[in-house]
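Worksheet: one structure, shown below.
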Amino acid sequence: MNYNDQLYTSFIKQKIDALEKMTDQDNPYTRIVFSKKFYEARSWLKNEYQKLGLEVSTDDAGNLIGLLNSKTDTDKIVIIGSHIDTVPSGGRYDGIAGVVAALCVVKHIKENDINLPFNLAVYDYLGEELNDWSISCIGTRGMIGALNKDILFRGNSSGEILKDEIDKIGGNSKLLTKPFTIIKNIVACLELHIEQGKVLEQKKIDIGVVRSIPSISRFSVEINGQAGHSGTILMDQRADALVTSSEIITFVNELALRLSKESNQHFVSTIGKINVHPNAAAIIPGKVEMTIDLRASSKSSREQYITELEKQINKMNQSGPCKIEMKNIAFAPYVEMDKELIKLFKESSDDYGFSNIIMDSGAGHDTAHLSRVAPASMIFVPCKDGLSHCPEEYAEISDISKGTSVLFKMVEKLASLNQN
Ligand code: GLV
Ligand code: MN
Ligand code: MN
Numbered sequence: 090m091n092y093n094d095q096l097y098t099s100f101i102k103q104k105i106d107a108l109e110k111m112t113d114q115d116n117p118y119t120r121i122v123f124s125k126k127f128y129e130a131r132s133w134l135k136n137e138y139q140k141l142g143l144e145v146s147t148d149d150a151g152n153l154i155g156l157l158n159s160k161t162d163t164d165k166i167v168i169i170g171s172h173i174d175t176v177p178s179g180g181r182y183d184g185i186a187g188v189v190a191a192l193c194v195v196k197h198i199k200e201n202d203i204n205l206p207f208n209l210a211v212y213d214y215l216g217e218e219l220n221d222w223s224i225s226c227i228g229t230r231g232m233i234g235a236l237n238k239d240i241l242f243r244g245n246s247s248g249e250i251l252k253d254e255i256d257k258i259g260g261n262s263k264l265l266t267k268p269f270t271i272i273k274n275i276v277a278c279l280e281l282h283i284e285q286g287k288v289l290e291q292k293k294i295d296i297g298v299v300r301s302i303p304s305i306s307r308f309s310v311e312i313n314g315q316a317g318h319s320g321t322i323l324m325d326q327r328a329d330a331l332v333t334s335s336e337i338i339t340f341v342n343e344l345a346l347r348l349s350k351e352s353n354q355h356f357v358s359t360i361g362k363i364n365v366h367p368n369a370a371a372i373i374p375g376k377v378e379m380t381i382d383l384r385a386s387s388k389s390s391r392e393q394y395i396t397e398l399e400k401q402i403n404k405m406n407q408s409g410p411c412k413i414e415m416k417n418i419a420f421a422p423y424v425e426m427d428k429e430l431i432k433l434f435k436e437s438s439d440d441y442g443f444s445n446i447i448m449d450s451g452a453g454h455d456t457a458h459l460s461r462v463a464p465a466s467m468i469f470v471p472c473k474d475g476l477s478h479c480p481e482e483y484a485e486i487s488d489i490s491k492g493t494s495v496l497f498k499m500v501e502k503l504a505s506l507n508q509n
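Numbering (our numbering), first residue to last: 90 to 509.
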């Protein structure tokens, strides 16, 4: 596959441009899982699958699959997937580049009538981004049997239950209690993604071959104080939930800064979501809800963070005016990508003469979940200024095209390794 071929670069550009239009108009680029725009993008993708002659289906976890069947009778399967949902006011490439690259690989294989000794599937994994149900990677967690009742029966802020949304989109939430049978047939799960950081751009490297993905923990914190009149309750008589929250925010930031230095491995923590009640200028905040996001490659640093944070919250509960409750609402463990696939991805990149490095991911990905049950691996391509999860997110089509050709080369290598 010639990565410079205009046939491919214009295909990639055209598909990214098409998806970019499916956004909440006043809030680009927003295509939240299960929203109207998400459904619109899913029908668009279904149509793209059909145009490529793929067999279309939705699995029990709500993943949208386009399947290219091998001419050889086999159950073996290679999956190339990513996601088309976005965060609120997100970008045009996060996840999208990976799905479009997968379409492009299949286009090349179809047009050149290449027969593979395995079936090849393009996956749009359902709802990779963190959503209003406080869970990310719905589709891949579903595939590996990691969506428990607590998660499935959760309601969002409008009272919609997650399992009902999965069923509406074509999944079957009753069948998500154990890993899917397809898993035993997986030869490899592959994903192309923009880096979402600055390493490749700064080092002028074409391809990042991913070695590891950090653990992700999310905690909900509820702070209950007492709402009251902002003009009459004196300063030393208050139980202001927002003031107590600000102490937690500062504590979390300082703790993460210290542990990131001590750990020498990827360690970051963020409080990016906060709801203040009743959120009115003349009322003392009575209640605050917030979500803590923690990413750590080191298990001991992660445990230390949780111990110190719990200790601080206990202390504040004993001596402060508010009642604080913290709950663990989501967890994905630290994972390493399959070593053989890392080697093959590196060789695929070398074959094209692309510069490459082995690197660790800072973000979470669907491939992290799949790597717990099947051989899985991913590559990164550069993005401008490392920006992601914001409208400024940008990646050069030529860079995505290079990554796409590496994906194709990888499929070719897997094919020769899996000939009977
Ligand atoms: C995925 O986008 C993440 O939050 O890492
Ligand atoms: Mn992503
Ligand atoms: Mn993302």
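Each residue gets a CB set at the ideal place from its N, CA and C atoms; glycine is no exception. Quantities reported herein were computed from a predicted structural model and do not represent experimental measurements.
Answer yes or no: do residue i and residue j have a C-beta to C-beta separation smaller than 9 Å?
i, j, result
"residue 503", "residue 276", "yes"
"residue 195", "residue 228", "no"
"residue 332", "residue 413", "no"
"residue 424", "residue 384", "no"
"residue 475", "residue 295", "no"
"residue 380", "residue 402", "no"
"residue 90", "residue 498", "yes"
"residue 197", "residue 128", "no"
"residue 371", "residue 450", "no"
"residue 203", "residue 278", "no"
"residue 458", "residue 183", "no"
"residue 409", "residue 317", "no"
"residue 254", "residue 469", "no"
Starting from the Cα of residue i, find the closest Cα among the options and give me that residue.
i, options, result
"residue 193", "362, 178, 170, 176", "170"
"residue 421", "128, 509, 219", "219"
"residue 119", "173, 362, 403", "173"
"residue 405", "354, 473, 312", "312"
"residue 143", "210, 98, 167, 425", "210"
"residue 453", "204, 239, 286, 266", "286"
"residue 100", "137, 124, 129", "137"
"residue 500", "207, 392, 329", "207"
"residue 263", "236, 330, 280", "236"
"residue 487", "139, 190, 166, 112", "190"
"residue 114", "251, 480, 256", "480"
"residue 149", "257, 356, 334", "257"
"residue 107", "126, 340, 116", "126"
"residue 325", "482, 373, 357, 266", "373"
"residue 484", "181, 94, 330", "181"
"residue 291", "334, 446, 232, 390", "446"
State the Cα-Cα distance for the pair residue i and residue j, rounded to the nearest angstrom.
i, j, result
"residue 289", "residue 297", "7 Å"
"residue 387", "residue 352", "7 Å"
"residue 427", "residue 464", "5 Å"
"residue 472", "residue 283", "6 Å"
"residue 179", "residue 241", "25 Å"
"residue 439", "residue 433", "10 Å"
"residue 159", "residue 337", "55 Å"
"residue 186", "residue 360", "27 Å"
"residue 442", "residue 92", "12 Å"
"residue 419", "residue 223", "7 Å"
"residue 244", "residue 221", "8 Å"
"residue 151", "residue 322", "51 Å"
"residue 230", "residue 328", "40 Å"
"residue 176", "residue 164", "35 Å"
"residue 246", "residue 415", "18 Å"
"residue 510", "residue 259", "Any question about residue 510 goes unanswered here, given that the chain covers just 90 to 509."
"residue 162", "residue 116", "47 Å"
"residue 339", "residue 358", "11 Å"
"residue 239", "residue 103", "41 Å"
"residue 494", "residue 233", "29 Å"
Provide the residue(s) that pair with residue i in DSSP beta bridges, ordered along the chain.
i, result
"residue 287", "DSSP, once it has assigned bridges, lists no residue as partnering residue 287."
"residue 307", "382, 419"
"residue 321", "DSSP, once it has assigned bridges, lists no residue as partnering residue 321."
"residue 229", "For residue 229, which the question treats as bridged, DSSP gives no partner whatsoever."
"residue 377", "312, 365"
"residue 356", "385"
"residue 194", "Residue 194 pairs with nothing; no bridge assigned."
"residue 282", "469"
"residue 171", "213"
"residue 447", "298"
"residue 240", "The partner list for residue 240 (beta bridge, DSSP) is empty, contrary to what the question assumes."
Inset, instruction - Inspect the CB distances between the region 342 to 349 and the region 386 to 401 and report whether three or more fall short of 8 Å. - result: Verdict: yes, contact present.
Inset, instruction - Inspect the CB distances between the region 294 to 308 and the region 367 to 375 and report whether three or more fall short of 8 Å. - result: Contact fails: fewer than three Cβ-Cβ distances are below 8 Å.
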